[in-house]
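For what it's worth, this note's numbering labels the leading residue of the sequence shown as 135, then goes sequentially. Below is one structure; the comments refer to it alone.
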Amino acid sequence: MYYYSLYGLTVESDLDFFQLRELKYKPEQIDVFIYQSILENRLEVELEGKSYSIGKHSTLFSNKTVHLVVEEGNTIKYQAKESANWQSLKTYLLGFGFAFLFLQKNQMAIHCSSVVYDKGALLLAGESGSGKSTLTRALIKAGFKLLADDMELVWARGKDLFAYPAFPYQKMCRNEVAKLVNPQEVIYIDEMKDKFMVPCFSVFEEHEQKVIGIVILKVSNCEQVQLEEVKGLEKLYAIYGNLFIRKLLQKEKINSDIIDDCLKIASIIPIYLLKRPVGVDSVEAQIDALNIVFEFNYN
(Lines of atoms letter the chains of each structure in order from A and count residues from 1; the text may use other names and numbers.)
(Lines give C-alpha, C1' and ligand atoms only; values in the text may rest on other atoms or scores of the structure.)
Protein backbone atom coordinates (compact mmCIF):
# COMPACT_ATOMS: atom_id res chain seq x y z
CA MET A 1 0.00 0.00 0.00
CA TYR A 2 0.95 3.64 -0.51
CA TYR A 3 0.19 6.47 1.90
CA TYR A 4 -0.23 10.09 0.88
CA SER A 5 -1.29 13.51 2.12
CA LEU A 6 -3.79 15.28 -0.14
CA TYR A 7 -6.07 18.24 0.63
CA GLY A 8 -5.33 17.85 4.33
CA LEU A 9 -6.41 14.20 4.28
CA THR A 10 -4.43 10.99 4.75
CA VAL A 11 -4.89 8.59 1.86
CA GLU A 12 -4.27 4.84 1.61
CA SER A 13 -4.03 3.59 -1.97
CA ASP A 14 -3.13 0.41 -3.80
CA LEU A 15 -1.97 2.62 -6.70
CA ASP A 16 1.10 4.82 -6.73
CA PHE A 17 0.69 8.50 -7.65
CA PHE A 18 4.01 10.12 -8.52
CA GLN A 19 2.67 13.65 -8.00
CA LEU A 20 1.31 13.18 -4.48
CA ARG A 21 3.22 13.83 -1.25
CA GLU A 22 4.02 10.36 0.05
CA LEU A 23 4.05 9.73 3.80
CA LYS A 24 7.04 7.85 5.19
CA TYR A 25 4.90 5.84 7.57
CA LYS A 26 1.39 4.43 7.84
CA PRO A 27 -0.72 7.06 9.63
CA GLU A 28 -2.78 6.10 12.65
CA GLN A 29 -5.91 7.45 10.98
CA ILE A 30 -6.79 6.94 7.32
CA ASP A 31 -9.27 9.45 5.90
CA VAL A 32 -9.60 8.08 2.36
CA PHE A 33 -9.20 4.57 0.96
CA ILE A 34 -8.50 3.96 -2.75
CA TYR A 35 -8.53 0.40 -4.00
CA GLN A 36 -9.38 -1.81 -6.95
CA SER A 37 -12.66 -3.72 -6.91
CA ILE A 38 -14.96 -5.65 -9.25
CA LEU A 39 -17.61 -3.07 -10.13
CA GLU A 40 -18.80 -3.84 -13.65
CA ASN A 41 -21.88 -5.89 -12.74
CA ARG A 42 -22.97 -3.49 -10.00
CA LEU A 43 -22.73 -0.45 -12.26
CA GLU A 44 -24.50 -2.23 -15.11
CA VAL A 45 -27.48 -2.91 -12.83
CA GLU A 46 -27.60 0.33 -10.85
CA LEU A 47 -26.79 2.81 -13.62
CA GLU A 48 -29.36 1.31 -16.01
CA GLY A 49 -27.58 2.57 -19.11
CA LYS A 50 -26.52 5.93 -17.65
CA SER A 51 -22.87 6.91 -17.29
CA TYR A 52 -23.14 8.23 -13.73
CA SER A 53 -25.36 8.71 -10.71
CA ILE A 54 -24.46 11.22 -8.00
CA GLY A 55 -25.66 10.46 -4.48
CA LYS A 56 -25.11 11.65 -0.92
CA HIS A 57 -23.80 8.27 0.23
CA SER A 58 -22.83 6.55 -3.02
CA THR A 59 -21.81 7.91 -6.43
CA LEU A 60 -21.36 5.70 -9.49
CA PHE A 61 -19.41 6.73 -12.58
CA SER A 62 -18.35 4.92 -15.74
CA ASN A 63 -16.55 5.99 -18.92
CA LYS A 64 -14.18 4.45 -21.48
CA THR A 65 -11.36 4.30 -18.94
CA VAL A 66 -12.77 3.31 -15.56
CA HIS A 67 -15.70 2.13 -13.45
CA LEU A 68 -15.80 4.22 -10.29
CA VAL A 69 -17.72 4.00 -7.01
CA VAL A 70 -17.32 6.62 -4.27
CA GLU A 71 -18.97 5.89 -0.92
CA GLU A 72 -19.59 7.60 2.43
CA GLY A 73 -17.06 10.36 1.89
CA ASN A 74 -14.12 8.05 2.58
CA THR A 75 -13.82 5.31 -0.05
CA ILE A 76 -12.97 5.37 -3.76
CA LYS A 77 -13.24 2.02 -5.56
CA TYR A 78 -12.16 1.59 -9.16
CA GLN A 79 -12.06 -1.02 -11.91
CA ALA A 80 -9.98 -0.35 -15.00
CA LYS A 81 -11.63 -0.88 -18.36
CA GLU A 82 -9.93 -3.13 -20.89
CA SER A 83 -6.94 -1.37 -22.52
CA ALA A 84 -7.33 1.57 -20.13
CA ASN A 85 -4.61 4.19 -20.00
CA TRP A 86 -3.48 4.02 -16.39
CA GLN A 87 -2.29 7.61 -16.26
CA SER A 88 -5.75 8.72 -17.39
CA LEU A 89 -7.33 6.41 -14.83
CA LYS A 90 -5.28 7.99 -12.03
CA THR A 91 -6.31 11.44 -13.26
CA TYR A 92 -9.98 10.44 -12.94
CA LEU A 93 -9.39 9.15 -9.42
CA LEU A 94 -7.73 12.38 -8.27
CA GLY A 95 -10.26 14.53 -10.12
CA PHE A 96 -13.78 13.13 -10.27
CA GLY A 97 -13.08 10.62 -7.50
CA PHE A 98 -12.16 13.24 -4.92
CA ALA A 99 -14.74 15.75 -6.19
CA PHE A 100 -17.48 13.15 -5.59
CA LEU A 101 -15.98 12.32 -2.21
CA PHE A 102 -15.89 15.97 -1.12
CA LEU A 103 -19.51 16.40 -2.18
CA GLN A 104 -20.48 13.60 0.21
CA LYS A 105 -18.64 15.49 2.96
CA ASN A 106 -20.49 18.75 2.18
CA GLN A 107 -17.31 20.27 0.80
CA MET A 108 -16.77 21.91 -2.58
CA ALA A 109 -14.23 21.04 -5.27
CA ILE A 110 -13.57 24.10 -7.44
CA HIS A 111 -12.06 23.88 -10.93
CA CYS A 112 -9.23 26.35 -10.40
CA SER A 113 -5.63 27.01 -9.50
CA SER A 114 -4.85 28.26 -6.01
CA VAL A 115 -1.92 30.53 -5.14
CA VAL A 116 -0.84 31.94 -1.79
CA TYR A 117 0.72 35.15 -0.50
CA ASP A 118 0.99 36.71 2.95
CA LYS A 119 -2.72 37.55 3.17
CA GLY A 120 -4.05 34.13 2.15
CA ALA A 121 -5.10 32.11 -0.89
CA LEU A 122 -6.34 33.47 -4.19
CA LEU A 123 -8.33 31.07 -6.38
CA LEU A 124 -8.01 31.47 -10.17
CA ALA A 125 -10.93 29.89 -12.03
CA GLY A 126 -12.15 29.95 -15.63
CA GLU A 127 -12.78 27.73 -18.62
CA SER A 128 -9.99 25.92 -20.46
CA GLY A 129 -7.99 28.44 -22.47
CA SER A 130 -8.84 31.38 -20.24
CA GLY A 131 -5.22 31.71 -19.10
CA LYS A 132 -5.26 30.16 -15.62
CA SER A 133 -1.96 28.31 -16.00
CA THR A 134 -0.15 31.30 -17.50
CA LEU A 135 -1.34 33.69 -14.78
CA THR A 136 -0.60 31.13 -12.06
CA ARG A 137 2.96 30.72 -13.31
CA ALA A 138 3.44 34.49 -13.50
CA LEU A 139 2.20 34.97 -9.94
CA ILE A 140 4.54 32.23 -8.71
CA LYS A 141 7.44 34.04 -10.40
CA ALA A 142 6.28 37.20 -8.63
CA GLY A 143 6.57 35.55 -5.22
CA PHE A 144 3.37 33.59 -4.69
CA LYS A 145 3.31 29.92 -3.66
CA LEU A 146 1.29 27.14 -5.28
CA LEU A 147 -1.41 25.52 -3.15
CA ALA A 148 -3.31 23.57 -5.81
CA ASP A 149 -3.54 23.26 -9.57
CA ASP A 150 -6.63 22.32 -11.60
CA MET A 151 -8.80 21.46 -8.57
CA GLU A 152 -9.04 22.98 -5.10
CA LEU A 153 -10.97 21.84 -2.05
CA VAL A 154 -12.69 24.67 -0.19
CA TRP A 155 -14.46 24.35 3.12
CA ALA A 156 -16.42 27.03 4.96
CA ARG A 157 -15.71 27.12 8.69
CA GLY A 158 -17.55 29.81 10.58
CA LYS A 159 -17.12 33.13 8.81
CA ASP A 160 -14.05 32.03 6.85
CA LEU A 161 -13.35 29.88 3.80
CA PHE A 162 -10.29 27.64 3.73
CA ALA A 163 -8.37 26.00 0.88
CA TYR A 164 -6.10 22.95 1.16
CA PRO A 165 -2.79 21.82 -0.36
CA ALA A 166 -3.00 19.41 -3.28
CA PHE A 167 0.38 18.41 -4.77
CA PRO A 168 3.57 20.23 -5.87
CA TYR A 169 3.03 20.04 -9.63
CA GLN A 170 1.41 22.33 -12.17
CA LYS A 171 -0.18 21.19 -15.43
CA MET A 172 1.01 23.04 -18.52
CA CYS A 173 0.49 22.97 -22.28
CA ARG A 174 3.41 22.38 -24.65
CA ASN A 175 3.79 26.06 -25.58
CA GLU A 176 4.12 27.00 -21.89
CA VAL A 177 6.63 24.23 -21.20
CA ALA A 178 8.83 25.48 -24.04
CA LYS A 179 9.38 28.72 -22.10
CA LEU A 180 10.78 26.98 -19.01
CA VAL A 181 14.45 27.13 -18.04
CA ASN A 182 14.68 23.36 -17.44
CA PRO A 183 12.05 21.71 -19.66
CA GLN A 184 13.78 18.34 -19.19
CA GLU A 185 12.29 18.17 -15.67
CA VAL A 186 8.68 18.01 -16.88
CA ILE A 187 6.61 14.83 -17.14
CA TYR A 188 4.36 14.17 -20.14
CA ILE A 189 0.93 13.02 -18.95
CA ASP A 190 -1.73 13.55 -21.60
CA GLU A 191 -1.53 12.53 -25.25
CA MET A 192 -5.02 13.85 -26.07
CA LYS A 193 -4.63 17.35 -24.59
CA ASP A 194 -0.83 17.44 -24.91
CA LYS A 195 -0.31 18.33 -21.24
CA PHE A 196 2.74 18.14 -19.00
CA MET A 197 3.31 18.07 -15.24
CA VAL A 198 5.88 20.62 -14.06
CA PRO A 199 7.41 20.18 -10.57
CA CYS A 200 6.96 23.09 -8.13
CA PHE A 201 8.56 21.68 -4.98
CA SER A 202 10.36 24.85 -3.91
CA VAL A 203 7.26 27.05 -4.20
CA PHE A 204 4.63 24.67 -2.84
CA GLU A 205 2.57 25.65 0.20
CA GLU A 206 1.95 22.65 2.48
CA HIS A 207 -0.60 24.15 4.89
CA GLU A 208 -4.25 25.10 4.65
CA GLN A 209 -4.92 28.75 3.86
CA LYS A 210 -7.71 31.23 4.38
CA VAL A 211 -9.23 32.19 1.01
CA ILE A 212 -9.27 35.94 0.37
CA GLY A 213 -10.94 35.90 -3.03
CA ILE A 214 -11.90 34.08 -6.22
CA VAL A 215 -10.95 35.47 -9.62
CA ILE A 216 -12.68 34.11 -12.72
CA LEU A 217 -10.67 34.55 -15.91
CA LYS A 218 -12.42 35.14 -19.21
CA VAL A 219 -11.20 35.86 -22.74
CA SER A 220 -13.13 38.86 -24.05
CA ASN A 221 -13.37 41.23 -27.01
CA CYS A 222 -12.27 44.05 -24.71
CA GLU A 223 -9.28 46.18 -25.75
CA GLN A 224 -7.59 46.06 -22.35
CA VAL A 225 -7.69 44.06 -19.12
CA GLN A 226 -10.80 44.67 -17.05
CA LEU A 227 -11.43 43.60 -13.45
CA GLU A 228 -14.94 43.90 -12.05
CA GLU A 229 -16.53 42.61 -8.87
CA VAL A 230 -19.29 40.01 -9.17
CA LYS A 231 -22.30 40.78 -6.98
CA GLY A 232 -25.72 39.45 -6.00
CA LEU A 233 -26.98 36.20 -7.47
CA GLU A 234 -24.18 36.31 -10.03
CA LYS A 235 -21.85 35.21 -7.22
CA LEU A 236 -23.89 32.03 -6.78
CA TYR A 237 -23.81 31.34 -10.53
CA ALA A 238 -20.07 32.03 -10.59
CA ILE A 239 -19.32 29.46 -7.89
CA TYR A 240 -21.74 26.82 -9.18
CA GLY A 241 -20.44 27.32 -12.71
CA ASN A 242 -16.88 26.61 -11.62
CA LEU A 243 -17.45 23.47 -9.57
CA PHE A 244 -15.18 20.67 -10.77
CA ILE A 245 -18.15 18.42 -11.60
CA ARG A 246 -20.36 21.26 -12.91
CA LYS A 247 -20.98 19.58 -16.28
CA LEU A 248 -22.18 16.39 -14.58
CA LEU A 249 -24.42 18.32 -12.20
CA GLN A 250 -26.18 20.00 -15.15
CA LYS A 251 -27.92 16.71 -15.92
CA GLU A 252 -28.80 15.93 -12.31
CA LYS A 253 -31.74 17.14 -10.26
CA ILE A 254 -30.74 20.37 -8.52
CA ASN A 255 -29.35 19.52 -5.10
CA SER A 256 -30.39 22.06 -2.45
CA ASP A 257 -27.38 21.17 -0.29
CA ILE A 258 -25.01 22.13 -3.10
CA ILE A 259 -26.85 25.41 -3.67
CA ASP A 260 -26.71 26.14 0.07
CA ASP A 261 -22.96 25.47 0.13
CA CYS A 262 -22.42 27.74 -2.89
CA LEU A 263 -24.50 30.48 -1.25
CA LYS A 264 -22.45 30.21 1.92
CA ILE A 265 -19.21 30.58 -0.02
CA ALA A 266 -20.68 33.53 -1.92
CA SER A 267 -21.53 35.23 1.37
CA ILE A 268 -18.00 34.86 2.74
CA ILE A 269 -15.57 35.98 0.04
CA PRO A 270 -15.40 38.49 -2.82
CA ILE A 271 -15.49 37.24 -6.40
CA TYR A 272 -14.03 39.12 -9.37
CA LEU A 273 -14.31 38.68 -13.13
CA LEU A 274 -11.01 39.29 -14.91
CA LYS A 275 -11.47 39.90 -18.64
CA ARG A 276 -8.45 39.82 -20.94
CA PRO A 277 -8.24 40.74 -24.64
CA VAL A 278 -7.93 38.06 -27.31
CA GLY A 279 -4.48 37.34 -28.72
CA VAL A 280 -2.62 39.83 -26.52
CA ASP A 281 0.05 39.12 -23.91
CA SER A 282 -1.63 40.87 -21.00
CA VAL A 283 -0.25 38.95 -18.01
CA GLU A 284 1.49 41.98 -16.50
CA ALA A 285 -1.68 44.04 -16.86
CA GLN A 286 -3.68 41.26 -15.20
CA ILE A 287 -1.29 41.20 -12.24
CA ASP A 288 -1.42 44.99 -11.97
CA ALA A 289 -5.23 44.89 -11.90
CA LEU A 290 -5.25 42.19 -9.21
CA ASN A 291 -2.67 44.08 -7.17
CA ILE A 292 -4.98 47.09 -6.91
CA VAL A 293 -7.62 44.92 -5.21
CA PHE A 294 -5.60 42.34 -3.29
CA GLU A 295 -2.51 44.45 -2.51
CA PHE A 296 0.27 41.91 -2.77
CA ASN A 297 2.87 44.40 -4.06
CA TYR A 298 5.26 41.83 -5.51
CA ASN A 299 7.60 42.73 -8.37
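Note that beta-carbon positions come from the ideal geometry of N, C-alpha and C, so glycine has one too.
Which listed residue (the options) has its alpha carbon closest to that of residue i
i	options	result
Glu286	Gln304, Glu386, Arg176, Tyr138	Gln304
Ser354	Pro302, Leu408, Glu342	Leu408
Ser147	Val166, Val337, Ala312	Val166
Glu368	Gln358, Lys352, Ala400	Ala400
Pro161	Val145, Phe151, Arg155	Val145
Where residue i falls: helix, strand or coil (DSSP)
i	result
Glu342	coil
Cys396	helix
Ser390	helix
Ile402	helix
Phe232	helix
Glu261	coil
Ile157	According to the sequence provided, residue 157 is Leu. The question's Ile does not apply to it. If DSSP states are grouped into helix, strand and coil, Leu157 belongs with coil.
Lys275	helix
Val203	strand
Tyr298	coil
Glu162	coil
Leu173	coil
Val337	helix
Val414	coil
Tyr138	strand
Proximity below 8 Å, CB of residue i to CB of residue j
i	j	result
Ile388	Ile348	no
Ala297	Ser247	no
Gln238	Glu216	no
Leu202	Tyr212	yes
Val255	His245	Inspection of the sequence shows that residue 255 is occupied by Ala rather than by Val. No.
Ile421	Ala290	no
Asp395	Asn208	no
Ile274	Val204	no
Val249	Leu223	no
Leu157	Tyr141	no
Contact belief for residue i with residue j at Cβ below 8 Å, rounded distance in angstroms
i	j	result
Phe378	Gln153	Not a contact, Cβ separation roughly 17 Å.
Pro276	Leu361	The sequence shown places Ala at residue 276, not Pro. Actually they do not touch by this definition, with Cβ atoms about 17 Å apart.
Ile188	Glu386	5 Å
Cβ of residue i within 8 Å of any chain C Cβ
i	result
Ile402	Going by chain labels, chain C is absent from the structure shown, which holds only one protein chain.
Counterpart residues of residue i in DSSP-defined beta bridges
i	result
Lys409	Lys352, Gln360
Ala168	For the sequence presented, residue 168 should be read as Ile rather than Ala. In the DSSP output, where bridge partners are listed per residue, Ile168 has Ser147, Ile210.
Lys329	Cys307, Asp324
His191	DSSP output for His191 lists no bridge partner at all.
Glu443	Past the edges of the chain, shown from 135 to 433, lies residue 443, and the structure says nothing about it.
Ala372	Note: Ala372 sits in no beta bridge, so no partner.
Ser196	His201
Leu256	Val249, Gly347
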